[in-house]
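Trainee:
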Amino acid sequence: MSNQQEFTQALDGLKKEFQTQNPTDVLQFCENYFHDRLQDQRSLLFNQQSKAREAGLNLFPSPEDIAAHEGRSSVVFFKSPFSDNDPHSVHLQHQHHDPEDPRSIPSNHNPIVEPIDPTSGGSGSATVTHTAPATSLFGGFGNNSPFSKSSSNSSRNITESTDPSNANSPSDPTATQFNTTSFGKSNTTTTTTKLNTANTSSPFGKRTFVPGSGFAASLAKTAPMALNANRRTSVSAEALNPDTFSNDNWKPPVHKLTQEQLERLNASVVKNFLFSQLDEESLKTIIYALEEKRVPKGTEIIKQGDEGDYFYVVEQGIIDFYVNGNKVNSSGPGSSFGELALMYNSPRAATATAETDCILWALDRMTFRRILLEGTSKKRSMYEKFLKDVPVLKSLSSYERSKLADALNTESYQAGESVVKEGDAGENFYFIESGTAEVTKEGHDGALSVLNKGDYFGELALLYDSPRQATVKATSSLKVVTLGKSGFQRLLGPAVEVLKLQDPTKQQPN
Ligand SMILES: Nc1ncnc2c1ncn2[C@@H]1O[C@@H]2COP(=O)(O)O[C@H]2[C@H]1O
Ligand SMILES: Nc1ncnc2c1ncn2[C@@H]1O[C@@H]2COP(=O)(O)O[C@H]2[C@H]1O
């Protein structure tokens, strides 16, 4: 098929889908449509490549592979379906070449060298090929505070006894202020980590915040390149395989946290979904690797197209996300961002800007990859396909579905077991992954409804903060995907309106 035919076919598909769905946000709809198509196509090819590799074939050999095989210096023999047209492959100087990944480019460019150098005494001295100012915002807060006993009893609280740093120094008086002058000026690094943030590309070093000037104007001036990476579809084998980390001497950074910081972390950040699956040891590692960042309103925290250096959890404030200058999302306390570039070794997919003064916790790339990568990517690949087919979630973008996937868990029930009981308090919302269930209510003969794969229940108690309106019981072996109350309130976005419209207590009986 010629390019022209393929283009016409793609537009026809878009048109058809547009007519079926009649969306209100046209551009967003088009973006989602093509993004989903690209994602499907790439995962199909990637699966084929994996299968072929198992059979000893390399479907998309790099020029180097071929040259090595044929004893020649370099020749383009096979044209990768992505190599010419993938916006990420040609323009990005910092893309690394992964011979396993059919979408990556040959390595006549500057690679990101990772994982960490095993000879570097176990630190996270990642070698990067670009330079950045030898000034770093990171490490500017809360390094010198005394560490006193925690009074909390929660088993997942991190307390003094678990502090690997055993710090004892005076408190940092600047730690409670939003101080623009702190950003990009500190050259302090913590004494306990050798991760050399001064050599990495701190997004704050390039921030565009101009005190007193219009934020929109400053954003427009610095509108990121048209690099909408969305390279989360470009999942290289290395990117998703933490096993490749084994046998090196990596040690996580360990920062000194004050009692007050620990209490705040325990009260908020620790509750982030990504951390909820971690065992005590991993959680402790994460907590002490986190660095508090106080970010004034207007700060550009992440710039689209940059390399990924940190993952962030929001303790306070609102973050706005822009793709190619268009606002695509906002998120608030308890949310996290900056995971895509770290998961997929891809450029930043969006620009993240502080809409208000924010308190963030930053986690370095290596600790994220060592501890959070596996669980996050497993969950996303486990649930994304399922979520895509759930009718009530059709209005979510594929990025929103990914974030939703992070917050999900699976539960199983035998036939006859109740999942929710009428009158109980509601903690979870449920989708049926497989099996069947029935809804019954005191005083009502027979089942109010029968639920199958892709159906949902348990929304009423969470929407209206009311007791369960009915009992839902498994009628066969039942697998449900659960979403907790806070995720329900934060991650369902436009789907909440659909749930309200479909309230079964307001439907006419059949
Ligand atoms: N619609 C979106 N598309 C891509 N990234 C988004 C979107 N909304 C929020 N983000 C976040 O913006 C971050 C930018 O850096 P990352 O690509 O590492 O990870 C990205 C996501 O965490
Ligand atoms: N006719 C109905 N009346 C009440 N709940 C129903 C009905 N049909 C389905 N349900 C589901 O049963 C669930 C019981 O818990 P919730 O009240 O949280 O949410 C309820 C709905 O999801």
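In UniProt numbering, the protein residues as written are 1 to 510. Beta carbons: idealized from backbone N, C-alpha and C, even for Gly.
Which residues in the same chain as Q5 place their Cβ atom closer than 6 Å to its Cβ, once the five residues preceding and following it in sequence are excluded?
Mentor: Counting only Cβ-Cβ distances below 6 Å, and skipping sequence neighbours, we find nothing.
Trainee: Going by DSSP in three states, G380 sits in which element: helix, strand or coil?
Mentor: The amino acid at residue 380 is misidentified as Gly; the sequence shows Arg. Correct three-state label for R380: helix.
Trainee: Can you give the beta carbon distance from A470 to E417, rounded, assuming they're within the 8 Å contact cut?
Mentor: A470 to E417, Cβ: 15 Å. No contact.
Trainee: Taking the Cβ atom as the reference point for each residue, do E384 and T410 lie within a distance shorter than 8 Å?
Mentor: Not a contact, by the Cβ cut-off of 8 Å.
Trainee: Pop quiz: S381 and M343 are said to be a contact at Cβ under 8 Å. What is the actual Cβ separation, rounded to whole angstroms?
Mentor: Incorrect: roughly 11 Å between the Cβ atoms, too far for contact.
Trainee: In terms of alpha-carbon separation, which member of I318, P333, V323, G308 lies closest to V270?
Mentor: For V270, the nearest C-alpha among the options comes from P333.
Trainee: Could you have a look at D84 and say whether DSSP puts it in helix, strand or coil?
Mentor: At D84, the pLDDT of 30 sits below 50, so the modelled position is not reliable; the number obtained from the coordinates is stated separately. Coil.
Trainee: Might you give, ordered along the chain, the residues of its own chain that have their beta carbon closer than 7 Å to the beta carbon of D424, omitting 5 neighbours on each side?
Mentor: Closer than 7 Å at the Cβ level, and outside the excluded window around D424, lie P467, R468.
Trainee: In its own chain, which residues sit with a C-beta less than 7 Å from the C-beta of F275, not counting the 5 before and 5 after it?
Mentor: The residues are L283, I286.
Trainee: Would you give the residue range spanned by the beta strand (DSSP E) that V323 belongs to?
Mentor: Where V323 is concerned, the enclosing beta strand (DSSP E) stretches over 319-323.
Trainee: According to the Cβ coordinates, are Y312 and T353 closer than 8 Å?
Mentor: No, the Cβ-Cβ distance between Y312 and T353 is not below 8 Å.
Trainee: Could you tell me the boundaries of the beta strand (DSSP E) in which D406 lies?
Mentor: It is not in any beta strand (DSSP E) - D406 instead sits in the alpha helix (DSSP H) that spans 398-406.
Trainee: Tell me the DSSP bridge mates of W361?
Mentor: E292, V313.
Trainee: What first and last residue would you give for the alpha helix (DSSP H) that runs through F275?
Mentor: Element bounds for F275: 273-276.
Trainee: According to the Cβ coordinates, are P356 and E300 closer than 8 Å?
Mentor: Before going further, note that residue 356 is Thr rather than Pro in the sequence given. Result no, Cβ atoms of T356 and E300 do not sit closer than 8 Å.
Trainee: Is it true that the CB of S268 sits closer than 8 Å to the CB of E339?
Mentor: No, these two residues do not count as a Cβ contact at 8 Å.
Trainee: Is A470 helix, strand or coil when you go by DSSP?
Mentor: A470: coil per DSSP, three-state reduction.
Trainee: Is any heavy atom in ligand 1 found nearer than 7 Å to the beta carbon of F337?
Mentor: Answer for F337: yes, Cβ within range of ligand 1.
Trainee: Take T505 as the anchor and find which of Y464, T436, P494 has the nearest alpha-carbon.
Mentor: The shortest Cα separation from T505 among Y464, T436, P494 belongs to Y464.
Trainee: Give me the residue from Q28, G13, L491, T24 with the minimum Cα distance to F273.
Mentor: If we check each option's Cα against that of F273, L491 comes out closest.
Trainee: Please determine, among L278, H35, K15, G13, the residue with the shortest C-alpha to C-alpha distance to I371.
Mentor: Ranking the options by Cα distance to I371, first place goes to L278.
Trainee: With a Cβ-Cβ cutoff of 8 Å, do I302 and R348 count as a contact?
Mentor: Yes, they are a contact pair.
Trainee: Could you compute how far the alpha carbon of P106 sits from the alpha carbon of A341?
Mentor: Unreliable placement is indicated for P106, whose pLDDT of 31 sits below 50; the coordinate value is still reported in the next sentence. Spanning the two alpha carbons is a distance of roughly 20 Å.
Trainee: When you measure from the CB of S397 to every non-hydrogen atom of ligand 1, does any distance come out below 7 Å?
Mentor: The answer is yes for S397.
Trainee: Using only alpha-carbon positions, find the residue among A415, V480, D406, V328 that is nearest to D25.
Mentor: Closest by alpha carbon: V328.
Trainee: Kindly indicate the opening and closing residues of the alpha helix (DSSP H) around K500.
Mentor: From DSSP, the alpha helix (DSSP H) with K500 extends over 495-501.
Trainee: Can D364 and Y413 be called in contact, C-beta distance under 8 Å?
Mentor: Contact: no.
Trainee: Would DSSP call F479 helix, strand or coil?
Mentor: Strictly speaking, residue 479 in this sequence is Lys, with Phe absent from that position. Strand.
Trainee: Using alpha carbons as the reference points, say which of N428, Q502, A447, F337 lies closest to G487.
Mentor: Nearest C-alpha to G487: N428.
Trainee: Where does A425 sit, in a helix, a strand or coil, going by DSSP?
Mentor: Coil.
Trainee: Have a look at L483 and D320 and give me their C-alpha separation to the nearest angstrom.
Mentor: Cα-Cα distance, rounded: 24 Å.
Trainee: So if DSSP puts V439 in a beta bridge, which residue, or which two residues, is it bridged to?
Mentor: V439 is bridged to S449, V472.
Trainee: Which residues does DSSP list as the beta-bridge partners of T351?
Mentor: Paired residues: Y322.
Trainee: Quick check: does the Cβ of K388 come within less than 7 Å of any heavy atom belonging to ligand 3?
Mentor: This structure lacks ligand 3; the ligands present are ligand 1 and ligand 2.
Trainee: Let me check you understand the geometry: is the CB of F488 closer than 7 Å to at least one non-hydrogen atom of ligand 2?
Mentor: Every heavy atom of ligand 2 is 7 Å or more from the Cβ of F488, so no.
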